Structure formats: structure tokens, C-alpha cells
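Residue numbers (the working numbering): 1169 to 1414.
No residue lacks a Cβ here, since even glycine has one placed at the ideal position from N, Cα and C.
Every value quoted in this text rests on a predicted model; they were computed, and no experiment measured them.
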Amino acid sequence: MNSVITIKQLAKTLSLSNLSSNLESILTNGLEKTNQQFLLELLQAEMALREQRSKERRVKQASLPAIKTLESFDTAFQTSITSRQLAQLGELTWIESLHNLIFLGPPGVGKTHISLALCSLALDAGYKVFFTSMDRLIHILKTAEISRNSSVRLKYIYTCDLVVVDELGYLPVTRNEANLFFQLLTKLHDKASVVITSNKGFEGWADIFGDTILATAMLDRLTFRCQVIPLSGESYRLTHRSDLFT
């Protein structure tokens, strides 16, 4: 059997995708290289391809609704947080130390923008991330036992390094839904960093969940190692809205 064909078959068996797909060009470009250099570059190319595919899978599983960056955040408009503080968050040391972040403030002040930007940085750094609205998360929790899709999502959440829950407090939560959310937070405690955005201050969480004791227990777990970041001011979207007739 032709040696090139044999090498391709072996490469596929060993899951060496770059080698199996680009064997001819690899052999041609490697003619003038030493065996050691050739092997090193071959393995580096395989590793780069695997890392790229791994990131593509993690990005897909993260379910980000949009791509945002810290550089595009307007700290001149939103003065509640500084560029230096954003840069510190962007270093992601808080994920390594299992710290949580809670962004509080009215709609349009940048809570979701910063959260999405941190998700993108975490994905670039190799972390497993999941982004969800509170409403979508409640649906996943309620249907995990009857929906395969929800079950798979929930199992993935438990493996993540960073879980972002957006828009807590925008929609009412039943007592059963609050219990399910509390169970999730309990399982993630000391295993993953949690980021929460909410339009309600802590004093309003008892109203969100309909139970003062349960809300206190949630805050006890979330704020044990946590940076609370209040954002205030006008809505960026309303201030910069586009008028069709202007």
C-alpha cells in the first residue's frame, strides 16, 4: 500500500486531524528540515488545531447572545466603574480564586455588556463558560428531568468555571423556582465563579424570591467571596437611541 495513504489512515486513527488533512503539503514543506524540527512543528500544528476546535466547542456551549469587549465599554458615559477596575476584572484572577461578581443597577447601565466581555475573555483563556438569562435558567432547571436538551445543559453548567445569570429580578419567580435556583447555587458554591446582574438591590431579593430566609441563604453563598459592583446613571441605549426621522 502507498505509504502516503497508510500515513493518512494512521493519522485518522490517532485523531491527528491536521496531519491527515494536509499530509502532502506537510511532507513537501518538511524536506529541508531536520527530523527533530519537523516533528516539533508537526506536533505544534496538531496542538494548535485541537485548541482551536476546543475553543469553538466552548464558545458554542457558552451560548453568548452577543460578543462584547471591555475596550468598547464607555467609561466616560458610565462613570460608576473605572477603566482600571475593568482592566482588573479582565485579568480573571477572580475566577481562579472562585470569587463571584454581582452587578446591580437599572436597565441600560452596562451590566450585561461587562458580563459578556468577561465571558469572552474567559473563553479565550480556556475556561468553560455558560451565559443565561434568569428566565432561561429557570426553564432549564424546571425541565431538566423531562427534557434531554435541558438535562444536557444543566450537566454542562455543573462543569463550568464561570456561570453568568443575567436579568435576575426582571420576571417573577415562584417558590419552587426559587428553590431550584438555590439548589443550583449550592452545587456551584466553591466549584465555579458566578456572575449575576440584577435591577434589584439586595433589599429587594426577598420580594423576588418570595421568601426572606431563602433570599438570605442565597446571598450568604453568593457574597462569601464576592465583588458587588453597583452601576447607576441613565440608560446608554435610551440616551444613544437611533431616531428613524432624525
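If distances are taken between C-alpha atoms only, which option among the options comes closest to residue i?
| i | options | result |
| --- | --- | --- |
| leucine 1254 | Asp1411, Leu1399, Leu1406 | Leu1399 |
| valine 1333 | Asn1344, Val1363, Val1341 | Val1363 |
| leucine 1339 | Ala1216, Trp1262, Gln1351, Gly1372 | Gly1372 |
| arginine 1343 | Val1277, Leu1266, Met1215, Leu1382 | Leu1382 |
| asparagine 1186 | Phe1377, Tyr1404, Glu1214 | Glu1214 |
| tyrosine 1326 | Ser1189, Thr1354, Ile1306 | Thr1354 |
| leucine 1387 | Phe1350, Arg1409, Ser1403, Glu1259 | Phe1350 |
| glutamine 1395 | Ser1283, Asn1268, Gly1276 | Asn1268 |
In terms of residues, what are the limits of the alpha helix (DSSP H) holding residue i?
| i | result |
| --- | --- |
| valine 1320 | 1316 to 1327 |
| glutamine 1351 | 1343 to 1356 |
Is the CB-CB distance between residue i and residue j below 8 Å?
| i | j | result |
| --- | --- | --- |
| threonine 1365 | phenylalanine 1245 | no |
| leucine 1348 | leucine 1309 | yes |
| threonine 1243 | isoleucine 1249 | yes |
| cysteine 1328 | alanine 1285 | no |
| alanine 1230 | valine 1331 | no |
| asparagine 1367 | proline 1233 | no |
Take the Cβ of residue i as the centre, count every other Cβ of all protein chains shown within 10 Å, and call the residue buried at 16 or more, exposed below.
| i | result |
| --- | --- |
| leucine 1356 | buried |
| arginine 1321 | buried |
| methionine 1169 | At methionine 1169 the pLDDT is 45, less than 50, meaning the model places this residue with poor confidence; the figure from the coordinates comes in the next sentence. So methionine 1169 ends up on the exposed side. |
| isoleucine 1263 | buried |
| alanine 1346 | buried |
Hey, could you find the ends of the beta strand (DSSP E) residue i is sitting in?
| i | result |
| --- | --- |
| aspartate 1334 | 1330 to 1336 |
| phenylalanine 1271 | 1268 to 1272 |
| serine 1361 | 1361 to 1366 |
| phenylalanine 1298 | 1297 to 1301 |
| glutamine 1253 | Per DSSP, glutamine 1253 belongs to no beta strand (DSSP E); it is in the alpha helix (DSSP H), 1251 to 1258. |
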